[in-house]
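Accompanying notes for the structure given below.
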């Protein structure tokens, strides 16, 4: 009988084909015309869990898209882990920038191209294949596992909290594990110990009930597009500092030790600019790009529209103009406090000749931070070191995963975030891709992760949840040649 690792080596092609089948389902959660595809993806995933030997595989309806659940609870005396992923994907616009149809995966230069390949279907697949390898070669899993896969992560998990509340007893767990983050680089694993939170708004500026002739009304009527531009330019100064009074209240400053560790994580500015076609990087003065991305709050304009946008000329003063604005928040910022400050400031600075409608969109999430000395993180550190041959970096993420904060708070369980995809995977962008060798190695890392977590006592010390869990203690991880590769 082969070992789990040998089985995974023997089934590399099969594993990739399983993922390709999953990627062909266009499960775009934000677009109503793909609702049937989202449900089809949920059913496909439940079938995979049942096929590999998990029990109670079920597609559970919510007020929105369904959640997939399955479990394997045959390890008495061992810890229980709740494994979270999401099977929904982002829209594919702009379609003309894709090298191939986004839901017809292709392999190219060691990469698997397709929407969802890294975020998050590829990481879901490597976990089910790791469990399949363990069950086929040993007949069991080393611990108890409950699996949930959400269909609304890409629309801010808008019904996930209600789902967890309604199923709290069923989801009871010792630990939560999430693979929806990235590595540092190929062969350089990472454990993410903090996430940013999120608030999101639509700002609509109105001056008239209809568009107006710019010759007849120009110089007389206020222009909402101009007013919107004036408002947006007063949200930040040229150095990237956000001007909303009280915006930075509650931000936990980075310790010098943390800043030192961030500086030791490889950052290739030239490669990053080439990857995204950037002329230069830009952000809040006084912080490195890594610090700004991982540990500083941001405000971004996500879209602007209004007025005539068709071919040729149409000389009008638009009746209205609009923008979408998001803020990424860090511990210990409170989303509701920041939202109120943003609303008050925009109302104060608006030109008084226009009307405003500021609508907070669904998907608010709190920032999250986990103590890095927790036994769960230590177990992951041991597993990744064994598979990759080097100590993983402990990092933060600039992204927001609302489900992490919800699970930690409602289930009173620590959350481990460990990803197996590369930072340049083009998640949310055209030509999303998965590094194939990283996928194969990630399957082996997942099998080792379950073995290491199985050795942890089932009742570790309590973990405070959500923003404010600041007990972060770090020490250098140094290789034999003296280079620093991470911290633990």
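In my numbering, the protein residues as written are 1150 to 1637.
Even for Gly, the Cβ is constructed at its ideal location relative to N, Cα and C.
Can you have a look at residue i and say buried or exposed, based on whether 16 or more other CB atoms are within 10 angstroms of its CB?
{"i": "residue 1326", "result": "buried"}
{"i": "residue 1515", "result": "buried"}
{"i": "residue 1276", "result": "buried"}
{"i": "residue 1451", "result": "exposed"}
{"i": "residue 1582", "result": "buried"}
{"i": "residue 1419", "result": "exposed"}
{"i": "residue 1445", "result": "buried"}
{"i": "residue 1314", "result": "exposed"}
{"i": "residue 1369", "result": "exposed"}
{"i": "residue 1454", "result": "exposed"}
{"i": "residue 1160", "result": "buried"}
{"i": "residue 1303", "result": "buried"}
{"i": "residue 1412", "result": "exposed"}
{"i": "residue 1428", "result": "exposed"}
{"i": "residue 1596", "result": "buried"}
{"i": "residue 1404", "result": "exposed"}
{"i": "residue 1457", "result": "exposed"}
{"i": "residue 1460", "result": "exposed"}
{"i": "residue 1258", "result": "exposed"}
{"i": "residue 1541", "result": "buried"}
Taking 8 Å as the limit between beta carbons, can you name the residues of its chain near residue i, skipping five residues before and five after?
{"i": "residue 1383", "result": "1392 and 1498"}
{"i": "residue 1377", "result": "1352, 1354, 1453, 1455, 1470, 1471 and 1472"}
{"i": "residue 1289", "result": "1223, 1224 and 1283"}
Work out the CA separation of residue j and residue i for me, nearest whole Å.
{"i": "residue 1245", "j": "residue 1263", "result": "14 Å"}
{"i": "residue 1398", "j": "residue 1151", "result": "56 Å"}
{"i": "residue 1260", "j": "residue 1584", "result": "5 Å"}
{"i": "residue 1338", "j": "residue 1546", "result": "14 Å"}
{"i": "residue 1603", "j": "residue 1380", "result": "54 Å"}
{"i": "residue 1225", "j": "residue 1293", "result": "8 Å"}
{"i": "residue 1510", "j": "residue 1464", "result": "32 Å"}
{"i": "residue 1207", "j": "residue 1606", "result": "29 Å"}
{"i": "residue 1407", "j": "residue 1186", "result": "43 Å"}
{"i": "residue 1388", "j": "residue 1438", "result": "13 Å"}
{"i": "residue 1567", "j": "residue 1533", "result": "9 Å"}
{"i": "residue 1521", "j": "residue 1496", "result": "41 Å"}
{"i": "residue 1518", "j": "residue 1480", "result": "7 Å"}
{"i": "residue 1312", "j": "residue 1569", "result": "27 Å"}
{"i": "residue 1371", "j": "residue 1402", "result": "42 Å"}
{"i": "residue 1193", "j": "residue 1432", "result": "42 Å"}
{"i": "residue 1269", "j": "residue 1154", "result": "23 Å"}
{"i": "residue 1318", "j": "residue 1491", "result": "38 Å"}
{"i": "residue 1096", "j": "residue 1467", "result": "In the structure as shown, the chain begins at 1150 and stops at 1637. Residue 1096 is therefore absent and cannot be evaluated."}
{"i": "residue 1494", "j": "residue 1248", "result": "43 Å"}
{"i": "residue 1158", "j": "residue 1189", "result": "30 Å"}
{"i": "residue 1219", "j": "residue 1201", "result": "11 Å"}
{"i": "residue 1462", "j": "residue 1501", "result": "29 Å"}
{"i": "residue 1237", "j": "residue 1252", "result": "13 Å"}
{"i": "residue 1195", "j": "residue 1346", "result": "30 Å"}
{"i": "residue 1214", "j": "residue 1271", "result": "20 Å"}
Please name the residue or residues paired with residue i in a DSSP beta bridge.
{"i": "residue 1508", "result": "1351"}
{"i": "residue 1466", "result": "1361"}
{"i": "residue 1517", "result": "1344"}
{"i": "residue 1235", "result": "1299"}
{"i": "residue 1207", "result": "1218"}
{"i": "residue 1257", "result": "1260"}
{"i": "residue 1479", "result": "In DSSP, residue 1479 forms no bridge with anything."}
{"i": "residue 1324", "result": "1230"}
{"i": "residue 1565", "result": "1326"}
{"i": "residue 1398", "result": "According to DSSP, residue 1398 bridges with nothing at all."}
Which residues in the same chain as residue i place their Cβ atom closer than 7 Å to its Cβ, once the five residues preceding and following it in sequence are excluded?
{"i": "residue 1266", "result": "1172, 1254, 1581, 1582 and 1583"}
{"i": "residue 1322", "result": "1229, 1230, 1231, 1295, 1560 and 1562"}
**the stretch 1233-1247 / the stretch 1175-1185 touching (three or more Cβ pairs under 8 Å)** = Counting C-beta pairs with one atom in each stretch, the stretch 1233-1247 and the stretch 1175-1185 have three or more that are closer than 8 Å, which means they touch.
**Request:** Assess, as a yes-or-no matter, whether the stretch 1519-1533 is touched by the stretch 1584-1593 under the definition of 3 or more beta carbon pairs within less than 8 Å.
**Result:** These segments do not touch.
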